[in-house]
Amino acid sequence: MSGRTIAIIPARGGSKRLPRKNIQPIAGKPMLAWPLDAAMSLPEIGAGNVFVSTEDHEVAEVARIFGAEIIERPAELAGDQIWTEPVIRHAVELVEASSSPVDWVIWMNASVPEIQSADILRCLRLCQQSALREVLTVDRAGRSMSAARVLSRDAVSQRALSVNFAVVQLDYIDIHTQHDLEAAEARIRSRST
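Residue 89 in my numbering sits at position 88 of the sequence shown, with consecutive numbering throughout.
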């Protein structure tokens, strides 16, 4: 089962706990660049199919520098009380309106810079080969982190979690605080030595 696969990274500019979180430097590049690089390295996604949804000009510029296509997020989807699902739906609808239909969506968080392309591919293949509607990633405590959440096109349109899904546990830090940032950076640096 194949078809067009896109990656979408929602990246607001207005993080409260860690200001400008998505473009904070971590191990030599902006946080957002790490998941962008992981997604872009996969032939299953392909050039021109990695998008960043943002309302922030600086975040958009960083994303462009690292090769992403930009989806301008409207103000009504940019507040800190907005769920991410409508942001993903908005992005997919805009992508399809300007190009071909989408079969698979990989929703990634900029706040998980440790994500590896092999983990993204594992989630995508699990979803496709098992005829699932969704694959969610969770941390070691079982909390959802959306390091790589794979959705079939049908799952993007639904308003609730699918009953036909699987969970993949990953050992990554979802960054929300300065402490998280420092811990993730130490782990990234230790892997590269």
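All C-beta atoms, glycine included, are put in the ideal place defined by N, C-alpha and C.
**OP:** Report the option in ILE176, GLN130 and ARG144 whose CA atom is closest to the CA atom of SER3.
**Re:** Within the sequence shown, residue 3 is the residue found at index 2, counting from 1. Minimum Cα distance to SER3 is reached at GLN130.
Original post:
In terms of alpha-carbon separation, which member of HIS58, VAL53, PRO20 and GLU86 lies closest to ILE72?
Top reply: Along the sequence shown, read from residue 1 onward, the residue named residue 72 stands at position 71. For ILE72, the nearest C-alpha among the options comes from VAL53.
Original post:
What do you get for SER147, buried or exposed, if any count of 16 or more other CB atoms within 10 angstroms of its CB means buried?
Top reply: Position 146 of the sequence shown, counted from the start, is the residue given in the question as residue 147. By the neighbour-count criterion, in which a residue is buried when 16 or more other Cβ atoms sit within 10 angstroms of its Cβ, SER147 is buried.
**OP:** Give every residue of the same chain whose Cβ lies closer than 7 Å to the Cβ of LEU78, excluding the five residues on either side of it in the sequence, and list them in chain order.
**Re:** Residue mapping note: residue 78 aligns to position 77 of the sequence shown, counting from 1. Only residues of its own chain outside the window of five on either side were considered, and among them PRO87, VAL88 and HIS91 have a CB closer than 7 Å to the CB of LEU78, listed in chain order.
**OP:** Using DSSP bridges, identify the partner residues of GLU135.
**Re:** Here residue 135 refers to the residue found at position 134 when the sequence shown is read from its first residue. Answer is LEU152 and PHE166.
Original post:
Can the beta-carbon of PRO114 be found less than 8 Å from the beta-carbon of ILE189?
Top reply: Here residue 114 corresponds to residue number 113 of the sequence shown, with the count starting at 1. Here residue 189 corresponds to residue number 188 of the sequence shown, with the count starting at 1. It is a contact, given that the beta carbons lie within the stated cut-off.
Subject >> When SER145, ARG134 and TRP84 are compared against SER153, the one with the closest alpha-carbon >> reply: Residue 153 sits at position 152 when you count from the first residue of the sequence shown. Shortest Cα-Cα distance from SER153 to any of SER145, ARG134 and TRP84 involves ARG134.
**OP:** Quick one: grab the DSSP three-state call for SER145.
**Re:** Numbered from its first residue, the sequence shown carries residue 145 at position 144. Annotated three-state conformation of SER145 is strand, per DSSP.
Original post:
Buried or exposed: where does PRO44 fall if 16 or more other Cβ atoms within 10 Å of its Cβ makes it buried?
Top reply: Working through the sequence shown from its first residue, we reach residue 44 at position 43. In this structure PRO44 is exposed. Its beta-carbon is surrounded by fewer than 16 other beta-carbon atoms within 10 angstroms.
Original post:
Which residues share a DSSP beta bridge with PHE52?
Top reply: In the sequence shown, counting from the first residue as 1, residue 52 sits at position 51. Residue pairing by DSSP puts PHE52 in a beta bridge opposite ILE9 and GLU70.
Subject >> Environment of SER1 [buried if 16+ CB atoms lie within 10 Å] >> reply: This structure leaves residue 1 out entirely; the chain is present only between 2 and 194.
Subject >> Whole-number beta carbon distance between THR6 and ILE107, since they are thought to touch under 8 Å >> reply: Here the question's residue 107 lines up with position 106 in the sequence shown. Here the question's residue 6 lines up with position 5 in the sequence shown. About 7 Å separates the beta carbon of ILE107 from that of THR6, a gap short enough to meet the 8 Å contact definition.
**OP:** Can you give me the Cβ contacts of LYS22 inside the same chain, cut-off strictly under 6 Å, excluding the 5 residues immediately before and after it?
**Re:** Translated into positions along the sequence shown, residue 22 becomes position 21. Cβ within range, chain order: SER16.
Original post:
In the region 166-190, which residue ranges form an unbroken alpha helix (DSSP H) of at least 4 residues, counting only runs that do not cross its ends?
Top reply: Counting only runs that start and end inside the region 166-190, there is no alpha helix (DSSP H) element of at least 4 residues.
**OP:** For LYS17, name the three-state secondary structure that DSSP assigns.
**Re:** As a position in the sequence shown, residue 17 is number 16, starting the count at 1. In this structure, DSSP gives LYS17 a state outside helix and strand, which the three-state scheme calls coil.
Subject >> Same chain, Cβ closer than 6 Å to ALA156, five either side skipped, listed in chain order >> reply: Here residue 156 is taken as the residue at index 155 of the sequence shown, counted from 1. Counting only Cβ-Cβ distances below 6 Å, and skipping sequence neighbours, we find ARG134, GLU135 and SER163.
**OP:** Could you work out which residue in THR194, ILE116, ARG126 and GLY80 is closest to LEU171 when comparing CA atoms only?
**Re:** Translated into positions along the sequence shown, residue 171 becomes position 170. Residue ILE116 holds the alpha-carbon nearest to the alpha-carbon of LEU171 among THR194, ILE116, ARG126 and GLY80.
Original post:
Roughly how many whole angstroms lie between the Cα atoms of LEU125 and LEU37?
Top reply: One-based indexing of the sequence shown puts residue 125 at position 124. One-based indexing of the sequence shown puts residue 37 at position 36. Distance between the alpha carbons of LEU125 and LEU37: 16 Å.
Original post:
Would DSSP call ILE36 helix, strand or coil?
Top reply: Counting from 1 along the sequence shown, the entry for residue 36 is found at position 35. What sits at residue 36 in the sequence shown is Pro, not Ile. In the displayed model, PRO36 falls within a helix according to three-state DSSP.
Original post:
Using the rule of at least 16 other Cβ atoms within 10 Å of the residue's Cβ for burial, across every protein chain shown, is GLN82 buried or exposed?
Top reply: Here residue 82 corresponds to residue number 81 of the sequence shown, with the count starting at 1. GLN82 should be labelled exposed.
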